[in-house]
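Worksheet for the structure shown next.
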Amino acid sequence: MSKQLLKSIAIMGLIFNTLPLNATDNSNGFYMGLDTAFINIGDDTLDITTYDSDGNQKSKKHYKDVTSISYGLKFGYQHFDKNRVELSLNDSKISTDVGNIKGVTIGINYEWGFTSLETGNILPYLSVGVNGGRAELSKFEFKDKKADMISSTFGAGIRYNVNENVDAKIGYLHSSTGFGDFEDEKGDMQGISQDKLEFGLTYKF
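Going by the numbering used here, the first residue of the sequence shown is number 13, and it counts up by one from there.
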């Protein structure tokens with residue numbers, strides 16, 4: 013677990029501990045929180061395609077040994093129906109047999125809370141999102157060490173209301189990430205597919 017992640021968790025914990033609880037109905041309003049995903053629940057994969065000097069495809073390789081950790085600081089708004097829309101600042105580190113990727117992205121996410129299926133403090137949810145930013149590469153044979161990256165996400169899980177202001181979540185998160193062309197190369201990374209177990213903590217103001 014990275015030092016940045018531990019620091020973010022410590023800061024969020026301090027915020028949750030010092031902010032007063034709201035005695036009124038707090039089903040809608042602004043919130044902030046922290047999400048992290050680092051446990052694989054599927055085969056994470058990486059695809060790399062290379063081309064010759066004439067632009068013809070030279071090789072296409074599929075790698076399965078991919079591990080990663082990601083976390084994001086989020087700020088959003090929850091509606092009365094417990095649906096959420098949020099912005100996030102995300103940091104991710106991806107390790108493969110052929111190289112490592114460090115990405116920083118900004119994202120937007122929408123999360124549906126299924127109140128019709130709510131039981132006690134447990135609320136099922138579905139989420140979709142998109143993130144865009146820059147990636148730094150190391151150990152790859154590409155001369156370019158930076159590239160644009162964009163990813164789409166889909167998630168499903170449950171939220172657990174700890175109290176009126178704090179809730180935690182656990183769920184499945186799928187992400188598909190693509191990369192921009194490398195200016196100095198006759199090749200590209202077509203994408204990374206990941207399936208993770210996601211954890212989150214949220215404070216509603």
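Glycine is no exception: its CB is placed at the ideal position from the N, C-alpha and C atoms. Remember, it's a predicted structure, so these values are computed and weren't measured experimentally.
Annotation for residue 43: 88, 90, 214, 215, 216, 217 place their beta carbon closer than 7 Å to its own, counting only its chain and skipping 5 residues before and after. Spanning the alpha carbons of residue 165 and residue 208 requires a straight line of approximately 11 Å. Excluding residues up to 5 positions away in sequence, 94, 95, 135, 137 lie with their Cβ nearer than 6 Å to the Cβ of residue 125 in the same chain. The C-beta of residue 175 has fewer than 16 other C-beta atoms within 10 Å across all chains shown, which makes the residue exposed. Taking 8 Å as the cut-off, the beta carbon of residue 145 is found no closer than this to the beta carbon of residue 178.
Taken in chain order, the whole alpha helix (DSSP H) runs of length 4 or more contained in the segment 135 to 204 number zero.
Annotation for residue 117: the continuous beta strand (DSSP E) segment containing it runs 112 to 125. In the DSSP assignment, residue 74 forms a beta bridge with 59. Between the alpha carbons of residue 40 and residue 127 lies a gap of roughly 13 Å.
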